[in-house]
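Position in the sequence shown counted from 1, then plus 262, gives you our numbering. In this text, a Cβ means the ideal position worked out from N, Cα and C, and glycines have one as well. Nothing here was measured: the structure is a model prediction, and the numbers come from that model. Down below is the structure, laid out as structure tokens.
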Amino acid sequence: MKVVKTIQEVRAQVQEWRKEGLTVGLVPTMGYLHEGHQSLIRKSVSENDRTVVSVFVNPIQFGPNEDLEAYPRDLNRDMKAVEEAGGDLIFHPEPSEMYPGHFTSFIDTTETTELLCGAVRPIHFRGVCTVVGKLFNIVLPDKAYFGQKDAQQLATIRRFVRDLNFPVEIVACPIVREEDGLAKSSRNTYLNPQERQAALILSKSLKLGKAAIEQGERSAQRIIDIIRQNLQTEPLARVDYVEVVDFENIQRVETIQGETLVAIAVYIGKTRLIDNFIIKG
Ligand code: PAF
263 MKVVKTIQEV
273 RAQVQEWRKE
283 GLTVGLVPTM
293 GYLHEGHQSL
303 IRKSVSENDR
313 TVVSVFVNPI
323 QFGPNEDLEA
333 YPRDLNRDMK
343 AVEEAGGDLI
353 FHPEPSEMYP
363 GHFTSFIDTT
373 ETTELLCGAV
383 RPIHFRGVCT
393 VVGKLFNIVL
403 PDKAYFGQKD
413 AQQLATIRRF
423 VRDLNFPVEI
433 VACPIVREED
443 GLAKSSRNTY
453 LNPQERQAAL
463 ILSKSLKLGK
473 AAIEQGERSA
483 QRIIDIIRQN
493 LQTEPLARVD
503 YVEVVDFENI
513 QRVETIQGET
523 LVAIAVYIGK
533 TRLIDNFIIK
543 G
């Protein structure tokens, strides 16, 4: 397993693999890898001859008051995690490698980014799509792997790939959870023990919403109410949003039918956590 820092090095390596007729998978990450990321890497390893993992805390997807500086970073830990999961190459560029001076071109998306996190993090998805588009152009992968935990990100990436004809297949992978139900996230490291316990309210509340749908409830508002009321029983939780949207366009629905995303964002103390489930109505 190799670590490279420049676009030129990653391109040279991928070109060599291509000459040998090998297929290439890409797992874009911001590092501080956990089992969720490892499940993406393993999936890529099982479907491609070679797997590239990018480790880059992308400054342009963080708003001015967000956690860019505090975001956890540990390359040695990430190297072990990639090695263990069978990845072949880490691309770990400096911000100046990805964004040389006078950078003025962005991938901007509409519709799928209006609601949920897009409503409260105005520049976030523009930053995500721009860096992911750049990574696609740098690595030229056959397939790229994204977790369903960031469901709006997944829907948005699928959309720009389709709209802008990027020749890459997007593979969605299920949410990986701790044993007690908390969705794995690099941001879980911000939680103190009391907050870590309180954070269970996210998965528990979603479970109640899911059970109601499975028992036949079809009103989106009723599902929102069930989830919100349960979230509000946790004193350390502050609800950012509870939304029920169609998974393709990320637009609100009144009735649950077709592929529906039930998504929440909740502050536990100062840490903003997201979680969701997707259900076929
Ligand atoms: O999901 C993430 O970790 C990031 O948004 C991504 C896709 C690596 C882009 O920086």
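Residue i versus residue j - alpha carbon distance
i, j, result
"VAL285", "LYS446", "Residue identity check: residue 285 is Thr in the sequence provided, not Val. For THR285 and LYS446, the distance between alpha carbons rounds to 29 Å."
"VAL430", "LYS405", "5 Å"
"LEU416", "THR392", "14 Å"
"GLU440", "ILE512", "27 Å"
"PRO384", "PRO326", "11 Å"
"TYR294", "ASP340", "6 Å"
"ASN399", "ASP329", "27 Å"
"LEU378", "VAL528", "11 Å"
"ILE437", "LEU535", "14 Å"
"ASP509", "LEU426", "The sequence given here has Phe at residue 509, not Asp. The alpha-carbon atoms of PHE509 and LEU426 are separated by roughly 20 Å."
"VAL423", "VAL506", "24 Å"
"VAL344", "TYR452", "23 Å"
"ILE419", "GLU496", "33 Å"
"CYS277", "ILE475", "Note that residue 277 corresponds to Gln in the displayed sequence, not to Cys. Approximately 49 Å, taken between the alpha carbons."
"GLY395", "ILE369", "8 Å"
"LYS542", "ALA274", "43 Å"
"ASN320", "THR533", "19 Å"
"LEU402", "LEU464", "37 Å"
"GLY298", "VAL289", "11 Å"
"HIS386", "ALA473", "32 Å"
"TYR333", "LYS264", "24 Å"
"LEU498", "PHE408", "30 Å"
"SER367", "ASN492", "43 Å"
"CYS435", "HIS364", "36 Å"
"ILE281", "PRO355", "It should be noted that the sequence gives Lys, not Ile, for residue 281. Their backbone Cα atoms lie some 24 Å apart in a straight line."
"ASP336", "HIS296", "12 Å"
"ARG514", "LEU444", "25 Å"
"ILE526", "ARG449", "16 Å"
"PHE353", "GLY380", "27 Å"
"ARG490", "VAL504", "7 Å"
"VAL317", "MET292", "5 Å"
"ARG210", "PHE428", "The structure shown does not extend to residue 210, since the chain is modelled only from 263 to 543, so the question has no answer here."
"ASP311", "ILE303", "12 Å"
Per DSSP, the bridge partner or partners of residue i
i, result
"ARG449", "Per DSSP, none; premise fails for ARG449."
"ALA499", "ILE530"
"CYS379", "None, per the DSSP bridge assignment."
"ASP508", "THR522"
"GLU431", "LYS405"
"ASP425", "Note: ASP425 sits in no beta bridge, so no partner."
"PRO290", "SER316"
"ASP537", "ILE526"
Integer-rounded CB distance, given that residue j should sit under 8 Å from residue i
i, j, result
"ILE322", "GLY389", "4 Å"
"VAL524", "ILE488", "The pair is not a contact, with the Cβ atoms about 10 Å apart (cut-off 8 Å)."
"GLN300", "GLU346", "7 Å"
"THR313", "GLY287", "5 Å"
"ILE540", "ALA461", "Not a contact, Cβ separation roughly 21 Å."
"VAL315", "GLY349", "5 Å"
"VAL382", "ASP502", "6 Å"
Heavy atom of the ligand MG within 6 Å of residue i beta-carbon
i, result
"PHE318", "Looking for the ligand MG in the displayed structure turns up nothing; the ligands present are the ligand PAF."
TODO: Count the CB pairs spanning the region 506-519 and the region 469-482 that are closer than 8 Å, and state whether there are at least three.
DONE: Flag = yes, the region 506-519 and the region 469-482 touch.
Task: Residues passing the C-beta test against the ligand PAF heavy atoms, cut-off 6 Å - done: Those satisfying the condition are, in chain order, PRO290, THR291, MET292, ASN320, GLN323, VAL390, VAL393, VAL394, ASP412, GLN415.
TODO: Determine, using beta-carbon pairs with one atom in the region 455-473 and one in the region 292-307, whether at least three such pairs fall under 8 Å.
DONE: No, the region 455-473 does not touch the region 292-307.
Open item on the list: Using 8 Å as the cut-off, can you tell me whether the region 354-361 makes contact with the region 268-281, which would need three or more C-beta pairs spanning the two stretches below that distance?
Closed with: Segments in contact, yes.
- [ ] Determine contact between the region 372-384 and the region 410-426, defined as no fewer than three beta-carbon pairs at a distance below 8 Å.
- [x] Judged by pairs of C-beta atoms under 8 Å, the region 372-384 touches the region 410-426, as three or more such pairs exist.
Open item on the list: Contact between the region 334-351 and the region 458-472 is defined here as three or more beta-carbon pairs at a separation below 8 Å; is this criterion met?
Closed with: Contact between the region 334-351 and the region 458-472 is absent, because fewer than three Cβ pairs lie under 8 Å.
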